[in-house]
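*Asks:*
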Amino acid sequence: MINRRKFIENLSAAGALSLIPAGLKANPIIYDVSLGAKSLPVVISTWIHGINANAKAIEVLKNGGSVVDAVEQGVMIPEADPENRSVGLGGLPDRDGHVTLDACIMGPDGNAGSVCFLENIVHPISVARMVMEKTPHVMLAGEGALQFALENGFEEQNLLTPGAEKAWKDWLKESKYDPELNWENKPNEFHDTIGLLAVDQNGDIAGACTTSGLGFKMRGRVGDSPIIGAGLYVDNEVGGATATGMGELVIKVVGSFLVVELMRNGKSPQQACEEAVARIVKKVPENKIRQVGFIAMNKKGETGAYCLQPGFNYALYQDNINEMHDSKSFY
Ligand code: ASP
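The sequence shown begins at 1 in our numbering and counts up by one.
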């Protein structure tokens with residue numbers, strides 16, 4: 001990786017950047033521009049389920065889809081995976097046994113859509129997109145969100161898989177509600193919220209975030225993930241950010257908006273993620289015993305990631321390579 005970076009820097013220093021075909025921005029054929037410091041498109045997403053989501057998002061872009069299509073269809077992969085215990089179908093239920101989903105999406109035009117406390121719909125991200133595109137609103141909740149989905153052709157499905165039901169029944173034996181750090185990293189459990197950011201070949205950015213939220217949460221609890229500015233924020237002049245972990249901590253600092261604003265004020269994506277985590281450490285007392293992770297990307301495709309506790313990782317597609325990276329942590 002270092003050698004490749006050096007190679008690219010050397011090329012750049014030698015004036016090889018001038019080899020980039022003129023008029024590339026307008027070229028509808030999408031390919032990686034590997035002679036620059038950063039190639040576009042770039043896709044970044046939270047946790048191991050991000051690998052397949054990134055691959056789908058890239059496929060969509062390479063087939064001529066929009067960056068909003070890419071982020072939506074990317075996160076639909078873990079939403080539809082019944083083995084994934086933290087997103088969509090197969091997500092862990094609340095403490096009363098109901099799977100309730102939160103999701104939101106933002107596009108480069110500044111438009112946003114969101115659903116929260118939605119039941120029985122496998123793809124909340126697509127309902128969120130429909131809220132964005134077909135209504136004058138940003139967010140629909142609970143029964144109203146379900147009604148809207150059904151009116152628009154979505155079908156109801158039981159999301160509580162046998163595996164998730166068993167996990168809930170095991171949990172009921174003690175009914176101890178204390179979200180563990182990185183519970184999602186336990187062997188055989190798939191991971192947490194997926195937040196995904198994509199910058200297309202034109203430098204336009206979109207983001208999507210979808211989750212079943214904390215396992216065994218109180219009925220009615222909504223986390224950061226569907227809240228524009230908390231779980232996700234995109235500004236096409238600057239970049240985007242998305243969060244995972246204990247949503248209450250993210251909401252208290254309006255985390256993703258904070259990261260984007262820090263980038264607007266000149267921080268790199270990495271510096272912005274670090275400063276947002278530092279804000280949580282300073283302002284939210286339970287920071288020592290909870291996990292939060294941010295990922296961020298600017299319009300140039302430069303990325304950053306940072307978290308409170310060790311254990312957070314993310315998937316990054318860049319320069320034709322789609323691979324996992326461990327995030328640095330405050331503690
Ligand atoms: N942020 C999500 C929530 O609080 C869950 C997670 O990412 O762990 O609902």
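Beta carbons: idealized from backbone N, C-alpha and C, even for Gly.
Any residue with its C-beta under 6 Å from a non-hydrogen atom of the ligand ASP counts. Can you list them all in chain order?
*Replies:* ASP192, THR193, THR211, GLY213, LEU214, GLY223, ASP224, SER225, THR244, GLY245, MET246, GLY247
*Asks:* Between the Cα of ARG334 and those of GLU59, PRO269, GLU248, spot the shortest distance and give me the residue it belongs to.
*Replies:* The requested residue 334 is not part of the displayed model; the chain covers only 1 to 331.
*Asks:* Give every residue of the same chain whose Cβ lies closer than 6 Å to the Cβ of GLN318, excluding the five residues on either side of it in the sequence, and list them in chain order.
*Replies:* VAL42
*Asks:* What is the rounded straight-line gap between the Cα of ALA198 and the Cα of CYS209?
*Replies:* 12 Å
*Asks:* Around the C-beta of ALA26, are 16 or more other C-beta atoms found within 10 angstroms, so that it is buried, or is it exposed?
*Replies:* Any reading at ALA26 needs caution, since the residue's pLDDT is 32, under 50, leaving its predicted position unreliable; the model's value is listed next. By the neighbour-count rule (16 or more Cβ atoms within 10 Å), ALA26 is not buried but exposed.
*Asks:* Are there three or more Cβ pairs, one per stretch, closer than 8 Å when the segment 146–159 is compared with the segment 225–241?
*Replies:* no
*Asks:* Whole angstroms are fine: how far does the CA of SER327 sit from the CA of LEU262?
*Replies:* C-alpha separation (whole angstroms): 19 Å.
*Asks:* When the Cβ atoms of the segment 82–99 are set against those of the segment 129–138, are three or more pairs found closer than 8 Å?
*Replies:* no
*Asks:* Of the residues VAL284, CYS273, GLU286, ALA141, which one's Cα is nearest the Cα of ASN298?
*Replies:* CYS273
*Asks:* Whole angstroms are fine: how far does the CA of VAL281 sit from the CA of ILE121?
*Replies:* 36 Å
*Asks:* Who are the near neighbours of TYR306 in its chain, counting only those whose CB is closer than 8 Å to its CB and skipping five residues on each side?
*Replies:* GLN270, CYS273, GLU274, ALA276, VAL277, GLY293, PHE294, SER327, LYS328, SER329, PHE330.
*Asks:* Bridge partners for GLY245 per DSSP, in chain order?
*Replies:* VAL292
*Asks:* If we count the other Cβ atoms within 10 Å of its Cβ and call it buried at 16 or more, is MET218 buried or exposed?
*Replies:* exposed
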